[in-house]
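Numbering (the UniProt record's numbering), first residue to last: 1 to 285.
Ideal placement from N, C-alpha and C gives every residue a C-beta, glycine not left out.
Shown next as structure tokens:
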């Protein structure tokens, strides 16, 4: 019987971004990449990201969080998943101000009475080494990616994970899957990258489609929304407060001038809950 057996989980989503919350604080076993791939199989617990909660390392946090994509790879950040675990913890404890620790940063969350959650995603990283890129570029706000010159320059940002944002005339008309899969693994991105296609639909309103590294095309990606908001403001397309519209719904983003932190506000939804059974991971490879 797997060591994960009987561990509680909650299946949630943030704007359609499928999130598995796996609470291992009482049973802090290692979730392997093979386990993650097995859980994500169709008919088991398909997810885009698994937010795995471990006992806190700091007294001022509720948990230490590992984030795994459905291909078993690790991610350093997931905005929609962070909103989900904040709502989960608020339901469990009645707390409204909750902090988590990940490998990348501390995540400060506030759960509002209407059920939405605001997450302080921290400051974007804009230097080429911090994104990271394979080599120095002149200005990370406008980088032409070799082989994809027709898309125009991309704005490159790290929100704890690397993002490339392309501003296009109509994001609805882009081949997100084809271009995203190719660009994710472009040599410019040594740790792969999340690929976003954005178009302005109003002075502070952005339409966004995302190819997420390790997960593929997704209905929503919180860190991509953050990266897009930063990119739009940084290139003079919008102000610092925008609405980002994704296939799964809307996010309110603010790139705060005082400390450069990005605040993300959006809803969460519960789907179902249960406990892991041996059969769920019995076919892991």
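Who are the Cβ neighbours of residue 47 in its own chain at under 7 Å, not counting the five residues just before and after it?
18, 19, 20, 40 and 70.
Under 9 Å between C-beta atoms of residue 115 and residue 177:
No; because the gap between Cβ atoms is not below 9 Å, this pair is not in contact.
Per DSSP, what are the beta-bridge partners of residue 194 in this structure?
According to DSSP, residue 194 bridges with 163.
Based on the DSSP secondary-structure assignment, which residues constitute the bridge partners of residue 9?
Note: residue 9 sits in a beta bridge opposite 22 and 274.
Expected contact under 8 Å - CB spacing of residue 253 and residue 226 to nearest Å:
Confirmed, about 6 Å.
Check whether the stretch 242-262 touches the stretch 112-131, counting contact only when three or more Cβ pairs, one atom from each stretch, lie closer than 8 Å.
A contact exists between the stretch 242-262 and the stretch 112-131.
Residue 272 classed as buried or exposed, judged by whether at least 16 other C-beta atoms fall within 10 angstroms
Looking at its Cβ environment, which holds fewer than 16 other Cβ atoms inside 10 Å, residue 272 is exposed.
Taking 9 Å as the cut-off, decide whether the C-beta atoms of residue 107 and residue 68 are in contact.
9 Å or more divides the Cβ of residue 107 from the Cβ of residue 68.
Is it buried or exposed, residue 35, if we count other Cβ atoms within 10 angstroms and call 16 or more buried?
Its Cβ being crowded by 16 or more others within 10 Å, residue 35 is buried.
When burial is assigned at 16 or more other CB atoms within 10 Å of the CB, is residue 23 buried or exposed?
Looking at its Cβ environment, which holds 16 or more other Cβ atoms inside 10 Å, residue 23 is buried.
Along the alpha helix (DSSP H) that carries residue 228, what are the first and last residues, could you check?
Counting along the chain, the alpha helix (DSSP H) containing residue 228 begins and ends at 222-234.
Three-state secondary structure (DSSP) at residue 41?
Taken through DSSP and simplified to helix, strand or coil, residue 41 comes out as coil.
Own chain partners of residue 213 with C-beta closer than 7 Å, once the 5 adjacent residues on each side are dropped:
In chain order, 184, 192, 193 and 194 place their CB closer than 7 Å to the CB of residue 213, counting only its own chain and leaving out the 5 sequence neighbours on each side.
Taking the DSSP output, what are the residues bridged to residue 50?
According to DSSP, which records beta bridges pairwise, residue 50 is partnered with 20 and 68.
For the alpha helix (DSSP H) that residue 179 lies in, which residues bound it at each end?
Going by DSSP, residue 179 is part of the alpha helix (DSSP H) stretching over 176-184.
Looking at C-beta atoms only, is the number of pairs between the stretch 132-148 and the stretch 48-60 that lie closer than 8 Å three or more?
Fewer than three Cβ pairs drawn from the stretch 132-148 and the stretch 48-60 lie within less than 8 Å of each other, which leaves the two stretches out of contact.
Which one of 44, 223, 261 and 259 has the shortest CA to CA distance from residue 244?
Of the listed residues, the one whose Cα sits closest to residue 244 is 223.
With DSSP as the reference, identify every bridge partner of residue 200, one or two as the case may be.
Residue 200 pairs with 206.
Taking the CB atoms as reference points, tell me whether residue 86 and residue 111 lie closer together than 9 Å.
Residue 111 is positioned such that its CB atom lies closer than 9 Å to that of residue 86.
Flag this pair as yes or no: are the beta carbons of residue 263 and residue 118 separated by less than 9 Å?
In this structure, residue 118 lies closer than 9 Å to residue 263 by Cβ.
If you draw a straight line from the alpha carbon of residue 53 to that of residue 64, how long is it in whole angstroms?
About 6 Å.
DSSP three-state label for residue 121, please.
Three-state result, residue 121: coil.
Locate the alpha helix (DSSP H) running through residue 85, then write down its first and last residues.
That run of the alpha helix (DSSP H) goes 79-93.
Alpha-carbon spacing of residue 14 relative to residue 66, whole angstroms
The alpha-carbon atoms of residue 14 and residue 66 are separated by roughly 17 Å.
I'd like to check one pair, residue 231 with residue 198: are the Cβ atoms closer than 9 Å?
The answer is yes: Cβ separation under 9 Å.
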